Amino acid sequence: MNAGNQRFEKIRHSLPDGIVASSDSHVLRAYSQDLWPRKMIEIREQGPDPEPAMDLVLWPENAAQISDVARWAVRMDCALYPYGAGSGVCGATTADAGEPRPRVVVDLKRMNCVRSIDRKSMTAWVEAGIIGENLERHLNQEGLTLGHFPSSLYCSSLGGWLATRSAGQLSTKYGKIEDMVLSLECVFADGTVAETARAPRSAMGADWTQLLLGTEGTLCFFSAACVLVHPLPEKRVGLSFETPDIRTAMEFARMALQAGLRPAALRIYDPLETSLTLSRAVLKESGFGGGAAIVAQFEGGAAVTDAGAGELLRMAPLAGARRIGDQLAQHWWEHRYDISYKQQLIMSHGRMILDTFEVAATWDKLQAVYEAVKNVNIGFGIVLAHLSHFYHAGANIYFSIVAHAGLTPDVPARYDSIWSDVMRAAEGAGATLSHHHGVGRLRREWIMRERADWMKIFLKVKNGFDPENHLNPGKMGG
Ligand SMILES: Cc1cc2nc3c(=O)[nH]c(=O)nc-3n(C[C@H](O)[C@H](O)[C@H](O)COP(=O)(O)OP(=O)(O)OC[C@H]3O[C@@H](n4cnc5c(N)ncnc54)[C@H](O)[C@@H]3O)c2cc1C
Numbered sequence: 002m003n004a005g006n007q008r009f010e011k012i013r014h015s016l017p018d019g020i021v022a023s024s025d026s027h028v029l030r031a032y033s034q035d036l037w038p039r040k041m042i043e044i045r046e047q048g049p050d051p052e053p054a055m056d057l058v059l060w061p062e063n064a065a066q067i068s069d070v071a072r073w074a075v076r077m078d079c080a081l082y083p084y085g086a087g088s089g090v091c092g093a094t095t096a097d098a099g100e101p102r103p104r105v106v107v108d109l110k111r112m113n114c115v116r117s118i119d120r121k122s123m124t125a126w127v128e129a130g131i132i133g134e135n136l137e138r139h140l141n142q143e144g145l146t147l148g149h150f151p152s153s154l155y156c157s158s159l160g161g162w163l164a165t166r167s168a169g170q171l172s173t174k175y176g177k178i179e180d181m182v183l184s185l186e187c188v189f190a191d192g193t194v195a196e197t198a199r200a201p202r203s204a205m206g207a208d209w210t211q212l213l214l215g216t217e218g219t220l221c222f223f224s225a226a227c228v229l230v231h232p233l234p235e236k237r238v239g240l241s242f243e244t245p246d247i248r249t250a251m252e253f254a255r256m257a258l259q260a261g262l263r264p265a266a267l268r269i270y271d272p273l274e275t276s277l278t279l280s281r282a283v284l285k286e287s288g289f290g291g292g293a294a295i296v297a298q299f300e301g302g303a304a305v306t307d308a309g310a311g312e313l314l315r316m317a318p319l320a321g322a323r324r325i326g327d328q329l330a331q332h333w334w335e336h337r338y339d340i341s342y343k344q345q346l347i348m349s350h351g352r353m354i355l356d357t358f359e360v361a362a363t364w365d366k367l368q369a370v371y372e373a374v375k376n377v378n379i380g381f382g383i384v385l386a387h388l389s390h391f392y393h394a395g396a397n398i399y400f401s402i403v404a405h406a407g408l409t410p411d412v413p414a415r416y417d418s419i420w421s422d423v424m425r426a427a428e429g430a431g432a433t434l435s436h437h438h439g440v441g442r443l444r445r446e447w448i449m450r451e452r453a454d455w456m457k458i459f460l461k462v463k464n465g466f467d468p469e470n471h472l473n474p475g476k477m478g479g
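In the working numbering, the protein residues as written are 2 to 479.
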């Protein structure tokens with residue numbers, strides 16, 4: 002009997018009542034990994050793990066059933082892994098090899114309803130297991146939008162977004178997911194179901210919503226959330242620009258943001274990413290002459306959209322940006338979900354290493370972060386960069402690493418050393434090491450460095466919420 006069977010033996014005769022469950026080995030294997038590139042490289046180079054890492058999958062249908070699962074897990078001494086759609090790229094849903102307790106995945110996808118819409122407050126209560134595309138379609142039928150469009154819209158869930166502090170392509174106008182949440186319905190390890198305050202703002206003590214967001218299932222399950230919704234845009238305007246270099250482009254963005262402009266999307270591609278990932282034909286058609294390409298997309302009510310676009314056009318020459326043809330912006334809009342799915346083409350080649358990481362920094366450090374990471378020697382490879390989420394005080398930089406492992410026999414070890422080098426460079430230049438992908442297993446060492454003293458306090462909070470560490474063990478320092 003293998004280790005997984007032995008763990009499952011401890012619980013097989015007392016599974017929670019009335020909850021759909023599976024211990025089929027194909028199902029367990031599918032739930033044993035997310036989309037963390039390191040694991041995919043490991044499987045590609047070394048073959049699949051001999052046995053699935055998970056022992057049981059449960060699909061509760063409501064908060065009461067999650068509560069039953071939590072109480073059952075405490076009684077049976079199981080580890081619980083909250084699961085949305087498994088599109089995470091940091092190993093946050095996966096189990097550590099050394100976890101001795103039965104490992105139970107709790108997939109919330111059966112909790113996929115929009116419970117209610119309040120048109121006066123412009124909010125909606127939505128169950129956490131809903132897939133992004135389905136939520137957006139539902140809202141669109143009501144003439145509404147959430148405004149959250151991660152590139153993984155088609156394969157990620159509301160619960161996953163909340164647990165990782167996700168960012169969508171139009172975040173510069175609509176905000177990150179943490180800006181869109183009014184209230185959370187949570188289920189804790191002792192089975193308590195509780196809602197955080199539902200108010201536009203509150204001074205009744207600490208903000209529990211913000212404390213719980215981004216904790217990757219280590220403090221509670223999110224069973225539902227009350228989110229802000231907006232009318233579908235009346236008008237969209239796409240503009241394209243070029244600047245001689247990335248520094249000028251960053252300054253252009255800073256001027257615009259600090260003047261109060263909020264394009265829904267603003268994207269700056271560094272010269273290398275411009276030349277390697279944007280369509281040559283479209284660049285040519287747009288009259289792009291070289292340097293950094295910029296795309297700006299305004300949307301909303303017609304008057305506000307026109308005013309925003311007009312003001313950006315007025316600022317461009319003052320900031321050293323040249324307007325080019327709108328074909329580039331149009332092309333980006335039409336193909337905005339394509340690039341992520343092209344990664345598999347590169348990953349399917351043996352010995353190739355591909356990953357992306359998204360850091361953020363205040364404006365005073367942004368250029369230094371960019372240069373520090375770009376200057377890392379990653380051997381046979383390149384580092385591409387674009388900026389796609391902007392704020393009054395700074396922005397995010399999204400780096401892509403594409404490398405060949407060369408003659409190194411151990412490709413995952415080569416991945417680890419490249420990862421450490423780029424993280425150290427970004428850390429040294431003053432960045433926060435994740436803007437929206439989260440921590441998982443990938444950055445658990447790095448969060449202990451970046452947030453050293455605060456993680457000691459976080460572990461006390463964790464101990465109060467989940468003293469026996471049943472919820473997503475091995476993550477967030479737990
Ligand atoms: C092609 C591609 C493109 C991507 N683009 C983006 C992007 O543009 N922006 C972005 O932010 N991310 C992006 N991601 C990363 C990923 O989609 C996000 O991290 C997303 O938020 C994960 O959602 P999920 O439902 O798949 O969560 P999962 O991967 O299932 O889980 C992620 C974490 O959330 C926890 N969790 C899930 N549901 C719950 C719940 N209900 N309660 C408590 N904890 C829970 C899990 O335990 C885990 O810790 C991309 C990924 C891929 C593969």
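Glycine included, each C-beta is placed from N, C-alpha and C at the ideal position. These numbers come from a predicted model, not from an experiment.
| message | So for Lys476, helix, strand or coil by DSSP? | response | coil
| request: Would you decide whether Trp455 is buried or exposed? Buried here means 16 or more other CB atoms lie within 10 Å of its CB. | output: That one is exposed.
| Below 8 Å between beta carbons: does that hold for Lys476 and Val423? | Cβ atoms of Lys476 and Val423: not closer than 8 Å.
| Exposure label - Pro272; buried when at least 16 CB within 10 Å | buried
| message | On a Cα-Cα basis, can you pick out the residue from Pro264, Ala404, Tyr392 that is closest to Ile379? | response | Ala404
| field | Nonlocal neighbours in the same chain, by C-beta distance under 6 Å from Trp447, ignoring five residues either side | value | Met424, Leu434
| Any chance the CB of Phe358 is under 7 Å from a heavy atom of ligand 1? | no
| What's the C-alpha gap between Ile340 and Asn63? | 35 Å
| message | With distance defined between alpha-carbon atoms, name the residue in Ser88, Gly218, Leu213 nearest to Ile67. | response | Gly218
| Val228 CB to nearest chain B CB: under 8 Å? | This model lacks chain B altogether, as it is built from one protein chain only.
| message | For Asn397, tell me which candidate among Glu143, Arg255, Asp35, Met181 has the shortest Cα-Cα distance. | response | Arg255
| request: On the DSSP bridge assignment, give the partners of Thr146 in chain order. | output: His231
| Under a Cβ-count criterion, where at least 16 other Cβ atoms within 10 Å of its own Cβ denotes burial, should Thr94 be classed as buried or exposed? | buried
| query | What distance in whole Å lies between the Cβ atoms of Gly130 and Asn141, which are believed to be in contact at a cut-off of 8 Å? | reply | That pair is no contact at about 20 Å.
| query | How many angstroms separate the CA atom of Gly431 from the CA atom of Lys375? | reply | 15 Å
| request: Determine the extent of the alpha helix (DSSP H) in which Val238 is found, giving its start and end residues. | output: Taken as a continuous stretch (DSSP letters only), Val238 belongs to no alpha helix (DSSP H), being part of the beta strand (DSSP E) at 236-244.
| Using the beta-carbon count (16 or more within 10 Å), is Arg116 buried or exposed? | Looking at its Cβ environment, which holds fewer than 16 other Cβ atoms inside 10 Å, Arg116 is exposed.
| request: Give a yes or no on whether the C-beta atoms belonging to Ser122 and Asp35 are separated by under 8 Å. | output: no
| task | Tell me whether Pro234 counts as near ligand 1, meaning its Cβ is closer than 7 Å to at least one heavy atom of that ligand. | result | no
| Going by the C-beta, is Trp37 closer than 7 Å to any heavy atom of ligand 2? | As for ligand 2, it is missing from this structure, which binds only ligand 1.
| field | Closest Cα partner of Ile118 within the set Ala98, Arg111, Ile325, Gly144 | value | Out of Ala98, Arg111, Ile325, Gly144, Gly144 has the C-alpha closest to the C-alpha of Ile118.
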